[in-house]
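Student: This is the structure I want to talk about, given as structure tokens.
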């Protein structure tokens with residue numbers, strides 16, 4: 100059964116050292132949960148950006164919570180480069196596994212389908228491939244003249260996290276057309292969700308909206324966290340606070356600036372892993 | 100641009116000899132279109148059931164429109180075996196390619212992803228595999244100790260057909276949670292759709308329902324055909340007419356019974372291919 | 172209360188599913204008796220057991236299209252599933268395609284459906300075939316829709332665990348590749364099972380009788396489950412429970 | 172009406188897209204100028220050209236999640252797309268990852284995004300990099316996010332066709348694996364292009380000037396497109412078209 104619980108206990112479901120899947124910047128990013136994880140602080144995460152990262156991953160990296168990071172890119176969008184990610188790569192303080200967007204989707208879809216790998220076009224001749232000892236370029240295994248192709252091994256996240264506008268009491272969660280959240284949840288061993296609100300309605304009852312629902316049996320636990328994406332946006336609920344994102348980008352340009360920003364963001368508390 | 104046109108011209112988009120993808124019995128089956136194709140009559144079809152067939156495919160087979168059929172199964176559900184399919188297999192009048200449900204989905208998803216094949220678990224040691232010279236069992240191509248696996252080559256339908264409750268004037272089509280219709284349309288070169296009605300609303304405008312919409316750029320043409328699934332059902336619109344399906348099952352038990360049923364169903368007109 | 176054969180079988184299956192390892196039961200096409208059993212277990216476990224009925228909308232939680240059931244099984248999220256077969260042999264091989272030398276079929280059946288995949292993936296695979304005759308239970312199936320066992324290097328987290336018929340309940344041992352008679356239904360005998368089974372199977376010294384339907388469960392079945400299953404299988408519900416059709 | 176550089180570049184790209192072979196233009200992350208050009212071409216072709224802007228909801232027709240853009244490209248449903256690069260070399264290899272000896276990066280950029288796939292799949296791939304310096308246009312990229320050309324046995328229906336910068340428009344020939352200067356923007360010269368390009372490229376005998384922005388298109392851009400692009404790129408629209416932010 101899906102559990103409805105407070106954020107505090109929900110946060111405990113992301114153990115130190117897990118492989119954590121995080122949705123892309125523009126979609127359903129659980130910023131309040133991320134800040135709570137940093138506050139704890141969570142340690143030694145292996146983070147998979149699905150497929151790109153933004154402020155959430157930059158903060159986790161800056162706070163020293165991340166051991167390895169797999170992503171097709173990390174950036175703050177219109178606010179520019181992700182400063183702590185950039186610094187961590189340049190200083191070599193995280194192990195970065197560069198990927199490309201469809202390869203992340205493919206790796207999750209392999210788990211979704213219960214197969215150990217899936218093929219993906221393109222990629223051949225890139226240094227992305229050259230630096231991935233887990234990916235494999237093979238001659239057409241059908242022997243049908245299709246040429247070489249790259250096989251992407253499955254990636255099974257231990258925990259997937261996201262924030263949604265609404266869940267019902269059965270644990271069904273609205274995702275709308277952000278179906279990469281479905282693939283992420285299908286692939287992950289556990290999926291932990293924060294939502295704006297819990298509704299007493301049955302989200303599956305109406306065929307008109309059921310298509311946008313991730314069924315409860317993929318969801319481990321849900322916490323009600325209003326405004327849980329802020330300062331990022333949540334579709335149909337609130338827009339991204341561009342001033343706040345720019346302020347973060349400026350503050351996080353230096354290690355000291357980041358630390359004082361985070362101390363303020365976490366309510367002056369402790370909890371930066373590097374301390 | 101997606102074209103809105105009458106059923107008569109829409110029918111011409113299914114040329115003789117094409118590889119035609121047809122949705123499963125319980126979902127969005129374009130029965131009026133199928134009857135119009137039989138009336139013409141369409142010839143030498145290669146039919147792909149996605150992944151199982153029912154009355155629509157039984158009628159096409161009985162009317163002599165089908166040269167080869169790939170399906171995981173064909174049946175009339177609670178009304179019993181599909182009589183014309185059964186007879187055609189036993190008499191050897193169609194070339195039957197037996198598949199299994201997830202293999203059909205996998206073959207379409209390979210086209211969807213632009214790759215020549217996809218792996219699928221299970222299957223090994225079955226006579227389904229033994230009788231498919233296109234499928235290929237290979238040793239783990241990752242050489243990671245995963246054991247043997249079957250590779251399913253991509254299948255690209257020339258035309259996919261289905262019936263939906265509603266489309267808008269841009270050509271966006273509602274599919275709800277029947278997402279196999281999306282895979283089918285993504286994989287097919289052309290997708291031809293009948294709908295209960297055309298709406299002046301923009302189906303993509305509301306985020307709450309957009310998740311159930313197949314975007315217009317996958318759709319070649321749409322015809323407004325009220326009650327276009329009957330005697331099968333259409334979700335939230337009308338239930339399957341079980342008496343009519345049983346009457347079909349009884350009539351089609353013999354070749355003669357099928358022919359007189361179809362002559363009645365097609366309005367007494369001509370058009371059975373075998374005539 | 173006397174249970175009909177349908178109701179008796181529902182209760183047998185319910186006992187097989189009322190097992191802590193079973194968290195999610197899926198029920199495929201044209202399976203009203205397994206469907207009833209799954210819904211009954213959901214009821215008596217206060218929804219600890221999830222039930223997914225693939226056809227129709229009632230109790231169908233899937234929102235990702237026709238592939239989702241198979242994906243779920245591939246992910247290990249389905250703990251129990253049901254398969255039948257026009258022929259089943261002593262190695263638990265299933266034939267859902269036809270008799271004769273394929274592709275020159277003598278008698279054609281609908282086809283393999285998802286069995287060729289599901290039989291490998293679902294840990295508790297329950298074979299359910301009402302008709303217990305030598306026509307069904309053959310020495311060797313004419314066509315293997317799905318094999319009962321696989322070589323050790325084949326990825327196979329699932330496979331056949333039990334076989335339930337109108338006569339008896341058998342278990343299947345993937346190591347010995349043989350069925351074992353567990354219980355014989357009331358009113359039937361070991362000899363009757365032997366006479367009607369075309370393959371050899373293990374018989375323990377003492378073969379108990381299959382327990383009767385539990386009265387409390389039978390009551391729940393008739394009061395709460397009958398209407399629920401009618402949403403998916405109206406003809407079945409009408410025949411067995413005399414529900415009026417919607 | 173004088174066009175700003177942004178507006179001028181929008182009109183150059185619009186001419187590249189106003190081509191019967193282009194039925195569907197997709198625009199990826201952080202690409203406001205290509206986004207404006209695509210919307211402009213949609214407007215002047217009466218929506219013959221479809222436009223999909225990936226980020227945000229406006230003009231985003233996708234309903235199948237983050238993979239749909241890539242799936243579409245793999246299906247051959249995307250005719251034109253845009254890529255940039257922190258470094259681009261004379262073989263049209265792109266580097267979006269960083270400078271230095273990877274993984275010991277000197278200067279890190281965001282990452283390859285989908286370039287490693289899209290560069291192979293989209294027939295009309297337009298390289299768009301405003302900054303035209305030897306820092307960007309290098310003899311050999313430090314990291315190949317996506318290669319400009321591939322061996323003949325590699326499935327590659329797409330690849331680079333043109334390169335547009337603040338100075339000029341070049342074309343790319345996959346057979347010779349070289350860029351060719353097509354036009355130089357008004358106010359700039361061949362010498363300036365040569366001085367600021369770190370790789371060798373073909374120069375025709377006569378190098379025309381890049382045509383100016385068409386006044387009628389510029390008018391449409393300012394009146395109809397400005398508001399539309401603001402839905403996806405508010406900061407850009409505010410800067411270039413002085414739209415008030417929502």
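Protein chains in written order, with this note's numbering: chain H, 100 to 374; chain S, 100 to 374; chain G, 172 to 417; chain X, 172 to 417.
Ideal placement from N, C-alpha and C gives every residue a C-beta, glycine not left out.
Computed from a prediction, not measured in an experiment: that's the story for all the values here.
Applying the criterion that 16 or more other CB atoms from any shown protein chain within 10 Å of the CB defines a buried residue, is residue 277 (chain S) buried or exposed?
Tutor: With 16 or more Cβ atoms within 10 Å of its Cβ, residue 277 (chain S) is classed as buried.
Student: With DSSP as the reference, label residue 245 (chain X) as helix, strand or coil.
Tutor: Helix, per DSSP.
Student: State the beta-bridge partners of residue 133 (chain G) as determined by DSSP.
Tutor: Residue 133 (chain G) lies beyond the range of chain G shown here (172 to 417); nothing can be said about it.
Student: If the cut-off is 8 Å on Cβ atoms, which residues from the segment 338–366 of chain S count as contacting chain H, listed in chain order?
Tutor: Answer set for the segment 338–366 of chain S: empty.
Student: Please report the straight-line C-alpha distance between residue 416 (chain X) and residue 401 (chain X), rounded to a whole angstrom.
Tutor: Caution applies to residue 416 (chain X), whose pLDDT of 46 falls short of 50 and renders its modelled position unreliable; the value that the coordinates give is listed next. Cα-Cα distance, rounded: 8 Å.
Student: Would residue 271 (chain S) and residue 312 (chain S) be called neighbours here (beta carbons separated by less than 8 Å)?
Tutor: In this structure, residue 312 (chain S) lies closer than 8 Å to residue 271 (chain S) by Cβ.
Student: Looking at the unbroken beta strand (DSSP E) that takes in residue 164 (chain H), where does it start and where does it end?
Tutor: Note, residue 164 (chain H): premise wrong, no beta strand (DSSP E); not H, not E.
Student: Which class does residue 297 (chain X) belong to by DSSP, given the choice of helix, strand or coil?
Tutor: Here residue 297 (chain X) sits in strand by DSSP.
Student: In chain S, which residues lie with their C-beta within 8 Å of the C-beta of residue 334 (chain H)?
Tutor: 306, listed in chain order.
Student: Which residues in chain X sit within 8 Å of residue 64 (chain S), going by Cβ to Cβ distance?
Tutor: There is no way to answer for residue 64 (chain S), as the model of chain S reaches only from 100 to 374.
Student: Ordered along the chain, which non-local residues of its own chain (more than five positions away) have a Cβ less than 8 Å from that of residue 156 (chain S)?
Tutor: 121, 146, 148, 165, 168, 170, 173, 181, 184, listed in sequence order.
Student: What's the gap between the Cα of residue 270 (chain G) and the Cα of residue 153 (chain S)?
Tutor: Taking the straight line from one Cα to the other gives about 21 Å.
Student: Is there contact here, the segment 256–269 of chain H with the segment 291–308 of chain H, by at least three beta-carbon pairs under 8 Å?
Tutor: Yes, they touch.
Student: Going along chain S in order, which residues have a C-beta closer than 7 Å to the C-beta of residue 213 (chain H)?
Tutor: Neighbours of residue 213 (chain H) on chain S, chain order: 220.
Student: Quick check: what's the CA-CA separation for residue 115 (chain H) versus residue 139 (chain H)?
Tutor: Each residue's alpha carbon lies about 10 Å from the other.
Student: Helix, strand or coil for residue 101 (chain H)? Go by DSSP, reduced to three states.
Tutor: Coil, per DSSP.
Student: Taking the alpha helix (DSSP H) that residue 201 (chain H) falls in, what are its first and last residues?
Tutor: Segment 200–212, the alpha helix (DSSP H) holding residue 201 (chain H).
Student: Excluding the 5 residues preceding and the 5 following residue 221 (chain X) in the sequence, name in chain order all residues of the same chain whose CB lies nearer than 8 Å to its CB.
Tutor: Result list for residue 221 (chain X): 194, 195, 196, 213, 232, in chain order.
Student: Whole angstroms is fine: what's the gap from residue 198 (chain S)'s alpha carbon to residue 151 (chain S)'s?
Tutor: If I take the Cα positions, the gap works out to 9 Å.
Student: I'd like to know if the segment 219–230 of chain S and the segment 308–317 of chain G are in contact, where contact means that at least 3 CB-CB pairs between them fall below 8 Å.
Tutor: Contact between the segment 219–230 of chain S and the segment 308–317 of chain G is present, because at least three Cβ pairs lie under 8 Å.
Student: Beta-carbon separation of residue 241 (chain S) and residue 234 (chain S) under 8 Å?
Tutor: Cβ atoms of residue 241 (chain S) and residue 234 (chain S): not closer than 8 Å.
Student: From what residue to what residue does the beta strand (DSSP E) around residue 278 (chain X) run?
Tutor: Residue 278 (chain X) -> beta strand (DSSP E) spans 275–279.
Student: Do the CB positions of residue 286 (chain G) and residue 253 (chain G) come within less than 8 Å of each other?
Tutor: Result no, Cβ atoms of residue 286 (chain G) and residue 253 (chain G) do not sit closer than 8 Å.
Student: If the cut is a Cβ gap below 7 Å, which residues of chain S does residue 317 (chain G) touch?
Tutor: Chain S residues near residue 317 (chain G): 225.
Student: Could you give the DSSP three-state label for residue 320 (chain S): helix, strand or coil?
Tutor: Strand, per DSSP.
Student: Which same chain residues end up closer than 6 Å to residue 249 (chain X) when comparing Cβ atoms and leaving out the 5 residues on each side of it in sequence?
Tutor: 195, 197, 243, 293, listed in sequence order.
Student: Would residue 123 (chain H) be called buried (16 or more neighbouring beta carbons within 10 Å of its own) or exposed?
Tutor: Buried, by the Cβ-count rule.
Student: Residues in its own chain within less than 7 Å of residue 208 (chain S) by CB, not counting five upstream and five downstream?
Tutor: Cβ neighbours of residue 208 (chain S) beyond the five flanking positions: 217, 282.
Student: In this structure, does DSSP put residue 148 (chain H) in helix, strand or coil?
Tutor: Residue 148 (chain H) falls in the strand class under three-state DSSP.
Student: If you draw a straight line from the C-alpha of residue 234 (chain X) to the C-alpha of residue 324 (chain G), how long is it?
Tutor: One C-alpha to the other measures close to 39 Å.
Student: When the cut-off is 8 Å and only beta carbons count, does residue 294 (chain G) lie next to chain H?
Tutor: It does not: the Cβ of residue 294 (chain G) has no partner Cβ on chain H nearer than 8 Å.
Student: Is residue 285 (chain G) close to chain H? Criterion is C-beta to C-beta, closer than 8 Å.
Tutor: Not one chain H Cβ lies under 8 Å of residue 285 (chain G).
Student: With residue 392 (chain X) and residue 211 (chain X) assumed to form a contact (beta carbons below 8 Å), what rounded beta-carbon distance in angstroms separates them?
Tutor: Indeed they touch by this definition, with Cβ atoms about 6 Å apart.
Student: In its own chain, which residues sit with a C-beta less than 8 Å from the C-beta of residue 276 (chain G), not counting the 5 before and 5 after it?
Tutor: Excluding sequence neighbours, residue 276 (chain G) sits near 268, 269, 270.
Student: Decide if residue 272 (chain G) is buried, meaning its Cβ has at least 16 other Cβ atoms within 10 Å, or exposed.
Tutor: Residue 272 (chain G) should be labelled exposed.
Student: At a CB distance below 9 Å, what residues from the segment 298–326 of chain H approach chain G? Give them in sequence order.
Tutor: Taking 9 Å as the Cβ-Cβ cut-off against chain G, the residues of the segment 298–326 of chain H that qualify are 303, 306, 309, 310, 311, 312, 313, 314, 315, 316, 317.
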